[in-house]
Amino acid sequence: MVYNYLENQVKNADPLDLVIMLYSKAISCLKISKNVIESGLNNPEDIKKKAENLGKATDIIAYLQGSLNLEKGGDIAKNLNEIYQTLLDELIVANTQNDAKKITDSIEVLEKLKKAWEEIKCQSQNSKKD
Numbered sequence: 010m011v012y013n014y015l016e017n018q019v020k021n022a023d024p025l026d027l028v029i030m031l032y033s034k035a036i037s038c039l040k041i042s043k044n045v046i047e048s049g050l051n052n053p054e055d056i057k058k059k060a061e062n063l064g065k066a067t068d069i070i071a072y073l074q075g076s077l078n079l080e081k082g083g084d085i086a087k088n089l090n091e092i093y094q095t096l097l098d099e100l101i102v103a104n105t106q107n108d109a110k111k112i113t114d115s116i117e118v119l120e121k122l123k124k125a126w127e128e129i130k131c132q133s134q135n136s137k138k139d
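Here's what the structure looks like:
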């Protein structure tokens, strides 16, 4: 039931909505990993949960990076590319060193980017009304 809802949400979303959804999912996965690390990684299930969620978040960031059009996107695409690469590098370190601070920093960056995309969506909707 929930899966059908999510599937419909994705199928009916415009590109801006999809980007925002990807950011939301990456942030959610990183928060789970951070919480698991902070709780102490007391058993193999914790380690698996941390790794799976960090993996999902890095997959999303890599997907976002791969979807950039560096030729047409100009400086914005180049800057996003650098940000995504830095995030990917930091999350590799966070995973190997169980560094919750690096995850927290990555969450903050993604939340700022998500907010910027939400503002673009809002401006886009407002310009369509005019």
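Be aware that the sequence shown starts at 10, since it is given in the working numbering, and climbs by one per residue. Glycine included, each C-beta is placed from N, C-alpha and C at the ideal position.
Between the alpha carbons of residue i and residue j, how many angstroms are there, rounded?
i           : j           : result
residue 127 : residue 103 : 27 Å
residue 35  : residue 47  : 18 Å
residue 122 : residue 51  : 33 Å
residue 137 : residue 95  : 35 Å
residue 114 : residue 135 : 32 Å
Between which two residues does the alpha helix (DSSP H) holding residue i run?
i           : result
residue 84  : 83–106
residue 75  : 53–75
residue 39  : 24–48
residue 128 : 109–138
Below 8 Å on the Cβ atoms is my contact criterion, and I expect residue i with residue j to pass it. Report the Cβ-Cβ distance as a whole number of Å.
i           : j           : result
residue 39  : residue 60  : Wrong, their Cβ atoms sit about 13 Å apart, outside the cutoff.
residue 57  : residue 112 : That pair is no contact at about 17 Å.
residue 129 : residue 25  : 7 Å
Inset, instruction - Assess, as a yes-or-no matter, whether the stretch 67–75 is touched by the stretch 86–104 under the definition of 3 or more beta carbon pairs within less than 8 Å. - result: yes
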